[in-house]
Amino acid sequence: MRELLDAGVDLYAVGLQGHLYAYFEETTAYDYPRFAAFVHELGELGVRVFITEFDVSDEWLIRQGKEAKDRDAWVAEQYRAFLGEVLQVPAVEAVITWQLADKYSWLRARAPVRPLPFDDALRPKPAFHALREALAAAPAR
Numbered sequence: 019m020r021e022l023l024d025a026g027v028d029l030y031a032v033g034l035q036g037h038l039y040a041y042f043e044e045t046t047a048y049d050y051p052r053f054a055a056f057v058h059e060l061g062e063l064g065v066r067v068f069i070t071e072f073d074v075s076d077e078w079l080i081r082q083g084k085e086a087k088d089r090d091a092w093v094a095e096q097y098r099a100f101l102g103e104v105l106q107v108p109a110v111e112a113v114i115t116w117q118l119a120d121k122y123s124w125l126r127a128r129a130p131v132r133p134l135p136f137d138d139a140l141r142p143k144p145a146f147h148a149l150r151e152a153l154a155a156a157p158a159r
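Numbering (the working numbering), first residue to last: 19 to 159.
Below is the structure:
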């Protein structure tokens, strides 16, 4: 980014895909503060940041035999932890989920995952409440 900006490239914003997976959490915990520090560095360069395609796949937890209730709780905790960090960074201007309801998720091609704020019947899930809480706790822009 610095090289591009130093070369005179007009760079106003960057979109960072936000696909999180239970498998990685089970083997190596995500370092959300470190990611937020990276995002903060982008902001210091004057770049606006958009978290795009945000979802949290629970496919690995399905394979582990976890019930939907437990998977939903894990997904919601990832929403809360990730957004709690990145929304503290002033450069973050938007969080865009990759669809809103589970039945429309691109991840459904592989498993009956529950990665989004709303269930198949468009009812809010714990992820919705975590998203709402994280947005409410974020500093005003």
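Ideal Cβ placement from N, Cα and C applies to all residues, glycine included. Keep in mind it's a predicted model, so treat the numbers as computed, not measured.
Could you check whether residue j and residue i sit closer than 8 Å to each other, using their CB atoms as the reference points?
i: Phe68; j: Glu103; result: no
i: Ser123; j: Val113; result: no
i: Val107; j: His58; result: yes
i: Asp76; j: Trp116; result: no
i: Thr70; j: Gly26; result: no
Can you give the Cα-Cα distance for residue i and residue j, rounded to whole angstroms?
i: Gly36; j: Leu149; result: 14 Å
i: Arg141; j: Leu63; result: 40 Å
i: Ala99; j: Arg159; result: 20 Å
Among the options, which has the Cα closest to the Cα of residue i?
i: Tyr41; options: Asp120, Leu79, Ala31; result: Leu79
Please name the residue or residues paired with residue i in a DSSP beta bridge.
i: Ala119; result: Phe136
i: Leu38; result: Val74
i: Val32; result: Val67
i: Ala112; result: Phe68
Legend entry - Whole beta strand (DSSP E) elements within the region 46–90, 3-residue minimum: 66–75
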